[in-house]
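Shown next, in structure tokens, is the structure this report addresses.
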Amino acid sequence: MIKVKKLAPGVHASSMLALLTLIAGCASVSPFSIDERMLESHLRRVVAEYDRQQLEQGSPLALSLNEVDVEIGPEGRNVLKLKLDGELSVNAVLISIPVRLKLSLESVPVYVKQENAIYIRRLKLLDSAVEAPALDSLNLDKTATQNAVGILSALLERIPVYRLNELNFSEAMIASSPLTMKITPGRLVFALDSQ
Numbered sequence: 045m046i047k048v049k050k051l052a053p054g055v056h057a058s059s060m061l062a063l064l065t066l067i068a069g070c071a072s073v074s075p076f077s078i079d080e081r082m083l084e085s086h087l088r089r090v091v092a093e094y095d096r097q098q099l100e101q102g103s104p105l106a107l108s109l110n111e112v113d114v115e116i117g118p119e120g121r122n123v124l125k126l127k128l129d130g131e132l133s134v135n136a137v138l139i140s141i142p143v144r145l146k147l148s149l150e151s152v153p154v155y156v157k158q159e160n161a162i163y164i165r166r167l168k169l170l171d172s173a174v175e176a177p178a179l180d181s182l183n184l185d186k187t188a189t190q191n192a193v194g195i196l197s198a199l200l201e202r203i204p205v206y207r208l209n210e211l212n213f214s215e216a217m218i219a220s221s222p223l224t225m226k227i228t229p230g231r232l233v234f235a236l237d238s239q
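Per the working numbering, the sequence shown starts with residue 45, numbered consecutively.
Set out below in structure tokens:
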């Protein structure tokens, strides 16, 4: 039989409860997942921040997203489908030339453990539509689309669309553990290698 010293009233029970909670939390880290809405929100923020930095550096191109639709794991495949509706503007000396772009893309989400971050890689254009009333006579549809896809590819190769938040307990536990990221319909799921 184990003898337990009697402590101040309430200390023993609360200490034991805290210890049991900690042990239970460490014993099994439940899977953490990122859904499509979270990824859409982060992608919007990443593009807006990138655009702000580019404009501060004097870039003549501006990129903004009006709508973002992300589909994770369509048809059980290990890809993301992105539908983007946005605007690529060329800012000349006294004029801004807007080009509205609707892009349908396919890509591969990649988790980089050293950075605890998810990147979108290998963008592939599935479909596009370009509206540029100021440039209609120049037939720049293909050029505008290629430029937009090029900008997005360069951006997403360098800047993660999601980074695990180490201030959040469950995300910090996942970040510090050997884990895998699996693509399931509607979610990117992080789980310990053994789960």
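Glycine residues also receive a C-beta, built at the ideal position from the N, C-alpha and C atoms.
- Assignment of V205 by DSSP, reduced to helix, strand and coil, places it in the coil class.
- In the three-state reduction of the DSSP assignment, I218 falls in the helix class.
- When secondary structure is reduced to three states using DSSP, R81 falls in the helix class.
- By the C-beta density criterion, V114 is buried, having at least 16 other C-beta atoms within 10 angstroms.
- DSSP places E210 in the coil class of the three-state scheme, outside both helix and strand.
- If you draw a 10 Å sphere on the C-beta of I116, you find 16 or more other C-beta atoms in it, and that means buried.
- Counting C-beta pairs with one atom in each stretch, the segment 119-134 and the segment 97-111 have three or more that are closer than 8 Å, which means they touch.
- For the pair of segments examined, the segment 160-179 was found to touch the segment 135-149: the number of CB pairs separated by less than 8 Å reaches three.
- Of N191, A198, V152, K157, the smallest CA-CA separation from S220 is found for K157.
- Burial state of L124 is buried, judged by a 10 Å Cβ sphere holding 16 or more other Cβ atoms.
- Judged by their CB atoms, L208 and E201 are not nearer to each other than the 7 Å cut-off.
- Fully enclosed beta strand (DSSP E) runs of no fewer than 3 residues occupy 124-135 of the segment 111-140, in order along the chain.
- Contact between L167 and L196 holds, with the beta-carbon distance rounding to 6 Å and staying under 8 Å.
- In the DSSP assignment, K157 falls outside any beta strand (DSSP E) and carries neither an H nor an E.
- Taking the CA atoms as reference points, T187 sits about 10 Å from V193.
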